[in-house]
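Notes to accompany the following structure.
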Ligand SMILES: Cc1ncc(COP(=O)(O)O)c(C=O)c1O
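Residue numbers (my numbering): 11 to 342.
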């Protein structure tokens, strides 16, 4: 991947790209080009997927609102969400039905290719392929929100890992090395809708700001080194497997999984294929587990958040985390 001095990005899977100041701007930013290509403008998202706080995405939006027990978000005008359709994640039939009922009206399908905002929920084998097919047939765009999965599942993100090419990709988090930045990129004809090449205006004072770009470039260089993703896969796999073993040994019903450096577990029997399945978890138990771990291990504070490992985590860190988890689970 390379980043031009004008703040534009080029890398595999993203023919052209644009950096924005805030991460959620990558989603705000990517919506208008989708609507420019396809004027009807309905969008389809999945229950439990979070795509930032842009109004039209604050429907069934996963972790933050779910953990706090909030309805969708008060203050969002009804008009902003009338064009937002939702379906259960991993439910191909529900998606096909929505396409039938809204023929030619859906501009884009947005999703987390692996859900992180309803807990860790991977796609079923046929799900992403089916989305690719159905969007192509209807002339809708497929948008992968890779804010979490980008550079985490593979250098080329979930799209490289699963071998599916979306029309538009949004990125955040790792691409800025932890500094506030977002980016979106996609098919050349779509990105040519963005000013100055096209009519869709986009500008921000700090777009492509040098500090965030520098942090991002250094992080991406480090991730390019051989063995990175094998290492993440090994330590994360061991972490999750041993936490689940500890749950089984201590009599707690748990399920979970990982892909490379992204993981999660539920206090539920599983399997968890969508947000409704995730909501069957014992969240009070998760709360007790989380508080018990706080003596040295800081997990994401919600049953509905995925966890991440980084290259800084050593096998000793994994060992200590598993020991702590075993002890807390035994006490619970
Ligand atoms: C998958 C996904 N998309 C979009 C966002 C929005 O990013 P931001 O918090 O910068 O608005 C997040 C935030 O965590 C996210 O997890």
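Ideal Cβ positions, reconstructed from N, Cα and C, are used throughout, including at glycine.
Roughly how many angstroms separate the alpha carbons of residue i and residue j, rounded to a whole number?
i, j, result
"residue 108", "residue 288", "23 Å"
"residue 141", "residue 273", "23 Å"
"residue 138", "residue 222", "31 Å"
"residue 131", "residue 283", "6 Å"
"residue 227", "residue 187", "8 Å"
"residue 87", "residue 64", "11 Å"
"residue 259", "residue 299", "15 Å"
"residue 270", "residue 234", "14 Å"
"residue 224", "residue 103", "44 Å"
"residue 220", "residue 181", "17 Å"
"residue 323", "residue 206", "43 Å"
"residue 94", "residue 67", "7 Å"
"residue 291", "residue 297", "11 Å"
"residue 172", "residue 251", "22 Å"
"residue 197", "residue 160", "17 Å"
"residue 280", "residue 166", "29 Å"
"residue 210", "residue 184", "26 Å"
"residue 174", "residue 118", "16 Å"
"residue 59", "residue 337", "32 Å"
"residue 301", "residue 106", "42 Å"
"residue 151", "residue 232", "32 Å"
"residue 278", "residue 263", "6 Å"
"residue 319", "residue 247", "10 Å"
"residue 124", "residue 158", "9 Å"
If you follow the alpha helix (DSSP H) that residue i is part of, which residue opens it and which one closes it?
i, result
"residue 247", "238 to 259"
"residue 227", "220 to 233"
"residue 60", "Element bounds for residue 60: n/a, residue is neither H nor E."
"residue 141", "137 to 148"
"residue 297", "293 to 303"
"residue 288", "285 to 288"
"residue 1", "Outside the displayed span of the chain (11 to 342) sits residue 1, for which this structure offers no information."
"residue 104", "102 to 111"
"residue 333", "325 to 341"
"residue 91", "88 to 91"
Using 10 angstroms around the beta-carbon of residue i, count the other beta-carbons present and answer buried if the total reaches 16, otherwise exposed.
i, result
"residue 304", "exposed"
"residue 114", "exposed"
"residue 147", "exposed"
"residue 240", "exposed"
"residue 156", "buried"
"residue 335", "buried"
"residue 192", "buried"
"residue 332", "buried"
"residue 325", "exposed"
"residue 330", "exposed"
"residue 70", "buried"
"residue 294", "exposed"
"residue 341", "exposed"
"residue 136", "exposed"
"residue 49", "Below a pLDDT of 50, predicted positions are generally treated as unreliable, and residue 49, at 49, falls in that range; no measurement from the model is reported."
Assuming residue i is part of the beta strand (DSSP E), what are its boundary residues?
i, result
"residue 272", "272 to 276"
"residue 180", "178 to 181"
"residue 193", "192 to 196"
"residue 267", "265 to 269"
"residue 155", "151 to 155"
"residue 118", "116 to 121"
"residue 94", "94 to 97"
Is the closest heavy atom of ligand 1 to the C-beta of residue i under 7 Å?
i, result
"residue 129", "no"
"residue 119", "no"
"residue 201", "no"
"residue 86", "no"
"residue 155", "yes"
"residue 192", "yes"
"residue 350", "Since the first residue shown for the chain is 11 and the last is 342, residue 350 is missing from the structure and cannot be characterised."
"residue 336", "no"
"residue 167", "no"
"residue 122", "yes"
"residue 267", "no"
"residue 264", "no"
"residue 323", "no"
"residue 126", "yes"
"residue 188", "no"
"residue 99", "no"
"residue 171", "no"
"residue 303", "no"
"residue 158", "yes"
"residue 182", "yes"
Indicate, with yes or no, if ligand 3 has a heavy atom lying under 7 Å from the CB of residue i.
i, result
"residue 62", "Ligand 3 is not part of this structure, which contains only ligand 1."
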